[in-house]
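Undergrad:
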Amino acid sequence: MPPESPATRTMGALALVLYATLAAAEPALQGLARSTVGEGQGVYAVAGDGTILVAQAADHAVHPASVTKIATSLALLARLGPTHRFETRLRGAGPLRAGRLAGDLVVEGGGDPFLVDESALLLLRRLHTRGLRVVEGRLVVRGPLLFDWQPDPGGRRFGAVLAGKAGGEARALVTDLDGTSEGLRETALVFLGRRSKSGPGRALAALHSPPLLHVVKALNCYSNNVFHFAADAVGGAAAVQENARAHVPEAMRDEIVIDNGAGAGETNRMSPRAAVALLGALMDELARHGNDLTAALPVSGIDHGTLEDRVTERPGIVVGKTGTFGSVGASALAGALRTRRFGVVRFAVLHHGVPVPDARARQDAFVRALIAVTDAEPWPYSAATRPVYSEATAD
């Protein structure tokens, strides 16, 4: 076996000390925070019964980066519910005869944050079954339209897929229920672009997104910044902030500032203890519907994405949310451990002014030691085997 590194020996020694002094766990963990995370950097951890295990600069609000998405996930699920499906509807502003729509094809956007190439192809197939081949008018967008993670107010990118000019890779993935992929290229629409009067028209197709809980999970795994636009479904970043503050003790409310629902804004702020409180609120919201944190946040070493290569020697040991915003000096990790000694331990490490690689190494060192001290065990979890977009339906 290769010799242990100094860092490994140090962490092992710290763990042994902590095991021997559980009666004085808090002072020992305070020392652990200083030695692993760094003095003055924000750390907070609480046991399942609310006992504070470690607190260092816990009330100091710094940029949380994508840990903000915990607050946005909470707002979306609390306001809309885990089974909510966003709807995108297509209407024909004119009669449909012999495969030709005499007017515009109208997209009624519903702000679906998971409207992607595969979704557009599902709609295209539905239009094809309705007999539509040629649109004499244009593609007209009404309402909020997000496509491939970005606003698409004029429908340019969405329309390119409908016209067969984009979405090539998705065509290879989208299949019929029987596993075939016939005719996807042949279903492309021809837009003649003639100006016409747009009336209320007739319904041609509707897309229903995957359930919100599954959308939130998928977006959190890769820390997708479409969360900022998804927040509009509940009133935007201001509403996310209001909801977050309502879910934490009064003393912590001023420690939450959210101007961007994805954590991409430079003015977002959050303290470690507020992040831990929001993690608990999300846990409670999920439990109301029979779920745990693994249903909404990535699981280390199992889910693809930002936690895929963190603490890989113990797959499934951490469920949580990373955050990285290097240009403002922010790197964060907030999560939960399922432990034998302290129940579900929630923690947050919010680094500021530390190079991202160094910050991540320090966060992982703290988590590894916390795992040892608390006698943590992996979450009972298996990753989904089908892509989330496959749960969308069109009619």
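Converting from the sequence shown to this note's numbering requires adding 783 to each position, the first position being numbered 1. Ideal placement from N, C-alpha and C gives every residue a C-beta, glycine not left out. Because the structure is a prediction, the values reported are computed rather than measured.
Can you tell me where the beta strand (DSSP E) holding Leu1120 begins and where it ends?
TA: Residue mapping note: residue 1120 aligns to position 337 of the sequence shown, counting from 1. Leu1120 -> beta strand (DSSP E) spans Ala1113 to Thr1122.
Undergrad: Can you tell which of Gly1126, Trp1162 and Ala1064 has its C-alpha closest to the C-alpha of Ala858?
TA: Counted from its first residue, the sequence shown places residue 858 at position 75. Checked all of Gly1126, Trp1162 and Ala1064; the closest Cα to Ala858 is Ala1064.
Undergrad: Please report the Cβ distance between Gly849 and Thr1050, rounded to the nearest whole angstrom; I am assuming they are in contact, meaning their Cβ atoms lie under 8 Å.
TA: Sequence index remark: in the sequence shown, residue 849 carries index 66 (1-based). Sequence index remark: in the sequence shown, residue 1050 carries index 267 (1-based). One point to set straight first is that residue 849 is Ser, not Gly, in the sequence displayed. About 15 Å separates the two Cβ atoms, so there is no contact after all.
Undergrad: Going by CA-CA distance only, name the one from Thr1077, Glu1091 and Ala1070 that's closest to Pro1163.
TA: Start at 1 with the first residue of the sequence shown, and residue 1163 comes out as number 380. Of the listed residues, the one whose Cα sits closest to Pro1163 is Thr1077.
Undergrad: Going by C-alpha to C-alpha distance, which of Val944, Asp1147, Pro1032 and Leu873 sits closest to Ala1115?
TA: As a position in the sequence shown, residue 1115 is number 332, starting the count at 1. The residue with the shortest Cα to Cα distance from Ala1115 is Asp1147.
Undergrad: Can you grab the Cα-Cα spacing for the pair Pro810 / Pro1098, in whole Å?
TA: Taking the first residue of the sequence shown as 1, we reach residue 810 at position 27. Taking the first residue of the sequence shown as 1, we reach residue 1098 at position 315. So the alpha carbons of these two residues sit roughly 29 Å apart.
Undergrad: Touching or not, the region 830-839 and the region 1022-1038, by the rule of three or more beta carbon pairs under 8 Å?
TA: With the cut-off at 8 Å, the region 830-839 and the region 1022-1038 do not touch.
Undergrad: Please go through the region 879-911 and give each complete beta strand (DSSP E) segment of 3 or more residues, from N-terminal end onward.
TA: Taking only runs of at least 3 residues, the beta strand (DSSP E) segments lying wholly in the region 879-911 are 887-891.
Undergrad: Across the region 907-916 and the region 992-999, are there enough close Cβ pairs to call them in contact, namely three or more that are closer than 8 Å?
TA: No, the region 907-916 does not touch the region 992-999.
Undergrad: Use the C-beta contact count for Leu1069: other C-beta atoms within 10 angstroms, 16 or more gives buried, fewer gives exposed.
TA: Counting from 1 along the sequence shown, the entry for residue 1069 is found at position 286. Leu1069 is buried by the Cβ-count criterion.
Undergrad: So, with DSSP's three-state summary, where would you put Lys948?
TA: Locating residue 948 in the sequence shown gives position 165, counting from the first residue. In this structure, Lys948 counts as coil in the three-state DSSP scheme.
Undergrad: For Ile1154, does the three-state DSSP call read helix, strand or coil?
TA: To locate residue 1154, count along the sequence shown from 1; it is residue 371. In the structure shown, Ile1154 sits in a helix (DSSP, three-state: H, G or I).
Undergrad: Which same chain residues, not among the five before or five after Thr963, have their C-beta less than 7 Å away from its C-beta?
TA: Along the sequence shown, one-based indexing puts residue 963 at 180. For Thr963, the pLDDT reaches just 48, beneath the cut-off of 50, and the residue's location in the model is therefore unreliable, leaving the point undetermined.
Undergrad: Give me, in chain order, the residues of the same chain whose beta-carbon lies closer than 7 Å to that of Leu1061; leave out the 5 immediate sequence neighbours on both sides.
TA: For the purposes of this step, residue 1061 is identified with residue 278 of the sequence shown, where counting begins at 1. Hits under 7 Å: Ile853, Ala854, Leu857, Ala1027, His1030 and Val1031.
Undergrad: In terms of residue numbering, what span does the alpha helix (DSSP H) encompassing Ala1167 cover?
TA: As a first step, residue 1167 is located in the sequence shown; it is residue number 384 there, counting from the start. Careful: Ala1167 lies outside any alpha helix (DSSP H) and carries neither H nor E.
Undergrad: Assuming contact is defined by CB atoms lying nearer than 7 Å, are Val820 and Val1171 in contact in what I supplied?
TA: As a first step, residue 820 must be located in the sequence shown, where it is residue number 37. As a first step, residue 1171 must be located in the sequence shown, where it is residue number 388. Against a cut-off of 7 Å, the Cβ pair of Val1171 and Val820 comes out as no contact.
Undergrad: Any idea what DSSP makes of Pro758, helix, strand or coil?
TA: With the chain covering only 784 through 1178, there is no way to say anything about residue 758.
Undergrad: Put Phe941 into one of helix, strand or coil per three-state DSSP.
TA: Walking along the sequence shown from the start, residue 941 turns up at place 158. Looking at Phe941 - three-state DSSP - the assignment turns out to be helix.
Undergrad: Any beta carbon of chain B sitting closer than 7 Å to that of Ser1054?
TA: The structure shown contains no chain B; it is built from a single protein chain.
Undergrad: I'd like the list of long-range same chain contacts for Asp959, defined as Cβ closer than 6 Å, with 5 residues on each side in sequence excluded.
TA: Translated into positions along the sequence shown, residue 959 becomes position 176. Residue confidence for Asp959 is low, a pLDDT of 47 falling below 50, so the modelled location carries little weight and cannot support an answer.
Undergrad: Quick one: residues in its chain with C-beta nearer than 7 Å to the C-beta of Arg862, no 5 flanking neighbours on either side, listed in chain order?
TA: As a first step, residue 862 must be located in the sequence shown, where it is residue number 79. Closer than 7 Å at Cβ, skipping near neighbours: Val1017.
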